[in-house]
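If you count the sequence shown from 1, position 3 lands on 3 in the UniProt record's numbering, and the numbers rise without skipping.
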Amino acid sequence: MAIEPYHLSLNNQGHPSNGGDANMPGGNDDDDDRSDTDSDITEVDAAEIPFYFTERDGRLFHSHGSSPYPLPVDAAEQNRINGQHDLLRQRMGGIYVDRGRVIEALRPSISRVRKVVDLGTGTGKWVLDMAFEFPDVMIHGIDIVPIATMHPPDNVYFEIHDINTRLRFHDASVDIVHARSVSMAVQSYPALVNEVARILRPGGLFLACEWGRCAAMENNLDPHHLTPFACRFYHAVAETLHRSRGLAPVANYLKDFIESSGRFDRVECKRIIMPIGTWHRDPSMQQLGDRFRQSLEVYVNSMQLMMIQAGRDPVGVRELVDGYVKEMYTVQGMICYFYTVQANCCN
């Protein structure tokens with residue numbers, strides 16, 4: 001598969017440093033402020049970019065050996081991620097739940113430039129939207145592959161870094177950390193929460209968001225009775241992710257992970273419903289549901305490949321996928337839950 005330059009571009013790369021603790025290896029508590037600025041990162045040459053990727057079964061994946069992230073990173077997946085970003089922005093009325101708390105965290109300071117870090121930035125759509133909305137704030141997007149734009153605004157840095165390791169930012173130096181859909185890239189979410197608390201200043205804001213990987217129905221109807229293939233599909237996904245990559249579900253436990261760390265207060269959780277298909281009475285929700293169903297089909301087919309590569313019976317997996325997709329088009333009331341948590345650091 002050819003690598004198209006506009007799909008695989010990057011501005012800067014974060015260099016891991018030595019030291020750190022058992023939960024977040026590769027850290028450096030050097031007091032030199034330069035390690036928290038662009039002097040600590042170097043630009044990736046275009047000739048190096050292909051080495052961040054590997055091809056399997058006709059799809060492009062990251063080549064980072066230690067990251068558990070299972071999905072492709074090719075054009076089809078990037079289009080799905082971008083489309084999902086637009087769907088969430090429309091569904092939530094913005095790129096975050098509570099504008100007031102974001103404004104509060106980014107209130108101008110006379111002593112320094114405000115800073116936002118986006119973990120698992122992917123194509124960088126959230127970062128670019130934030131940079132447009134807050135042109136005087138420095139936004140850092142972090143991922144293990146260079147798939148963000150080659151020409152970001154002046155207040156944006158895209159960096160390569162494994163978020164399972166210690167981040168390069170100093171203690172209490174960041175105003176907002178955003179982490180959306182990182183559960184399949186993070187081996188220990190509690191460790192990530194502690195690392196987020198380390199780099200956030202007191203009062204800094206953590207925005208955590210995850211899709212629930214489970215079958216669900218409107219009005220709390222029983223999905224096991226109405227959508228058996230969807231239930232079996234998500235059970236197979238959960239079992240495969242746990243067995244082959246050590247990944248456990250996160251979405252339902254976001255609030256618990258953050259509260260139990262003891263590092264945050266003002267913890268607020270919201271569960272947002274996204275319809276699957278055109279069954280909803282509201283025309284705008286019908287449009288959202290139709291687009292989300294298309295996005296979900298791409299996701300389901302990517303997960304199919306992951307499960308087959310992990311050793312599950314291909315015939316059985318394809319039966320699950322075909323059955324789930326059929327349910328998307330025939331069962332009324334199917335939904336997905338999107339969990340959001342916002343919390344202030346109380347270091």
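Even for Gly, the Cβ is constructed at its ideal location relative to N, Cα and C.
These figures come from a predicted structure and were not determined experimentally.
Hey, quick one: how far does the beta strand (DSSP E) through residue i stretch, first residue to last?
i, result
"W211", "200-211"
"P223", "No beta strand (DSSP E) contains P223, which is instead part of the alpha helix (DSSP H) from 223-226."
"I81", "First-last for I81: 75-92, but that is the alpha helix (DSSP H), not the beta strand (DSSP E)."
"V177", "174-180"
Let me confirm a value: residue i is counted as buried when at least 16 other C-beta atoms fall within 10 Å, else exposed. Which label applies?
i, result
"P275", "buried"
"Y329", "exposed"
"G100", "exposed"
"P283", "exposed"
"G262", "exposed"
"G58", "exposed"
"Q90", "exposed"
"Q294", "exposed"
"D222", "exposed"
"R112", "exposed"
I'd like the list of long-range same chain contacts for residue i, defined as Cβ closer than 7 Å, with 5 residues on each side in sequence excluded.
i, result
"residue 349", "Look at the range of the chain in this structure, 1 to 347, and you will see that residue 349 is not part of it."
"V305", "Per the sequence presented here, residue 305 reads as Leu, with Val not at that position. Only D57, R59 meet the Cβ criterion."
Name the one or two DSSP bridge partners that residue i has.
i, result
"K125", "Answer by DSSP bridge pairing: none, since K125 is not bridged."
"M138", "K115"
"R271", "Y339"
"N164", "Paired residues: none, contrary to the question."
"V156", "I139"
"M334", "M217"
"D265", "N344"
Residues in its own chain within less than 6 Å of residue i by CB, not counting five upstream and five downstream?
i, result
"F206", "V177, V196, A343"
"P153", "A131"
"D171", "R198"
"I144", "H62, H64, S67, D162"
"T340", "V97, C209, K270"
"G203", "N344"
List the endpoints of the continuous alpha helix (DSSP H) containing residue i.
i, result
"V300", "283-309"
"R101", "99-105"
"D256", "254-260"
Beta-carbon within less than 8 Å of residue i's beta-carbon, same chain only, minus the 5 sequence neighbours each way: which residues are those?
i, result
"L106", "R114, V116, F134, V137, D175, I176"
Query raised in the report: Can at least three beta-carbon pairs, one atom from the stretch 242-255 and one from the stretch 206-215, be found at a separation below 8 Å?
Result: Short answer: they touch.
Report task. Indicate whether the contact test is met: 3 or more Cβ pairs, each with one atom in the stretch 134-149 and one in the stretch 86-101, closer than 8 Å. Result -> No: fewer than three Cβ pairs fall under 8 Å.
Report task. Report yes or no: do the stretch 69-78 and the stretch 158-173 share at least 3 C-beta pairs separated by less than 8 Å? Result -> These segments do not touch.
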